[in-house]
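Residue numbers (UniProt numbering): 1 to 350.
Note that the Cβ used here is the ideal one computed from N, Cα and C, for glycine as well.
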């Protein structure tokens with residue numbers, strides 16, 4: 001046992017409180033005392049004990065309510081609570097204590113050996129949980145550092161691609177490099193968001209895809225005329241790997257729509273929609289009001305040919321275990337339906 005561990009003994013009965021403190025002190029524990037619920041809450045916050053031995057009957061508030069407040073306060077939630085009582089010993093009383101967050105319950109009178117043994121067991125559990133919280137905190141810092149370094153590395157790649165692309169005189173080569181830069185930018189921006197997010201294991205698709213589409217609209221890929229890029233992104237958090245796949249798909253299809261999906265007789269409109277279906281699947285739709293495949297054979301290159309964009313999209317759809325469907329009426333639309341994977345839970349340090 002660490003000599004910094006503190007037990008808070010809460011009992012309004014002075015002789016009983018003295019007896020419990022004496023047992024614990026003789027066992028080598030550091031013990032502080034409280035006679036009321038409000039005093040117990042104050043000492044729990046100021047002295048940071050690792051264990052509270054808490055009587056149910058207190059003069060100002062019920063010990064079960066004290067336990068509930070301890071367990072719902074982030075500053076005291078990790079404290080172990082041993083509820084004790086000589087009168088409130090019915091099954092319902094014990095269940096109520098445990099439902100309020102108590103870690104154990106003892107019926108008084110308690111033999112000194114049992115009290116000491118239970119106290120040591122709960123303190124061992126507290127040390128184990130504390131170590132887990134430290135490990136989670138270290139893991140969080142590591143993930144953030146990894147995402148930060150990946151983002152910086154990708155920014156270096158972007159700079160190198162930009163410098164290399166400026167050396168090409170041929171328009172086709174410059175366009176290839178521009179697409180490569182856009183793909184790397186999409187990935188880099190995800191890692192930047194993961195570095196800033198409270199949850200580095202998943203990505204907020206609503207915020208990210210809206211930002212990505214705004215960047216693509218400002219870039220004006222291959223066309224100086226204005227295009228109205230409209231987004232309808234439902235609030236969804238997806239595992240990072242799924243978020244990266246969707247982001248790259250959106251990047252490819254929106255760039256294609258901005259270049260090939262502009263009608264000649266009316267303003268260009270591109271829709272990007274992401275929603276949750278009742279079937280538990282997700283659906284991504286990217287549609288424009290352009291000429292469609294029949295009037296522009298080059299549009300087919302994005303999904304039906306052996307080009308890099310086509311191969312990339314089909315590979316990403318397979319990674320999502322999704323299905324791709326094309327509509328070519330009143331424009332051009334790609335529908336991608338995929339099973340929604342639950343985002344991994346992230347336990348921030350408490």
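My guess is that residue i and residue j are in contact by the Cβ rule of under 8 Å, so how many angstroms apart are they, rounded?
i	j	result
residue 161	residue 180	6 Å
residue 86	residue 109	7 Å
residue 337	residue 319	No, residue 337 and residue 319 are not in contact; Cβ-Cβ is about 14 Å, not under 8 Å.
residue 52	residue 10	6 Å
residue 240	residue 189	That pair is no contact at about 13 Å.
residue 8	residue 43	6 Å
residue 276	residue 234	6 Å
residue 258	residue 287	That pair is no contact at about 13 Å.
residue 59	residue 12	5 Å
residue 17	residue 35	7 Å
residue 256	residue 292	Contact doesn't hold; Cβ gap of about 13 Å is too wide.
Name, in chain order, the residues that DSSP records as bridge partners for residue i.
i	result
residue 31	7
residue 338	282
residue 270	229, 288
residue 327	333
residue 203	238
residue 276	282
Given a cut-off of 8 Å on the beta-carbon distance, is the pair residue i and residue j in contact?
i	j	result
residue 229	residue 213	yes
residue 98	residue 183	no
residue 251	residue 269	no
residue 32	residue 47	yes
residue 335	residue 283	yes
residue 54	residue 95	no
residue 209	residue 281	no
residue 254	residue 316	no
residue 29	residue 119	yes
residue 121	residue 67	no
residue 116	residue 23	yes
residue 156	residue 185	no
residue 285	residue 333	yes
Within 8 Å (strictly less), CB to CB, does residue i reach chain D?
i	result
residue 259	The structure shown has no chain D; it contains just one protein chain.
How about the stretch 258-271 and the stretch 236-249: do they share at least three Cβ pairs that are nearer than 8 Å?
-> A contact between stretches requires three or more CB pairs, one per stretch, nearer than 8 Å, and the stretch 258-271 fails this requirement with the stretch 236-249.
Inter-stretch contact at 8 Å, needing at least 3 Cβ pairs: the stretch 69-79 / the stretch 111-125 = no
Where in the UniProt domain "Response regulatory" (6-123) do unbroken runs of the beta strand (DSSP E), each at least 3 residues long, occur, reported from the N-terminal end onward?
-> Taking only runs of at least 3 residues, the beta strand (DSSP E) segments lying wholly in the UniProt domain "Response regulatory" (6-123) are 6-10, 30-34, 51-55, 80-85, 104-107.
Could you name each continuous alpha helix (DSSP H) segment of 4 residues or more that falls completely within the stretch 155-182, going from the start of the chain to the end?
-> none
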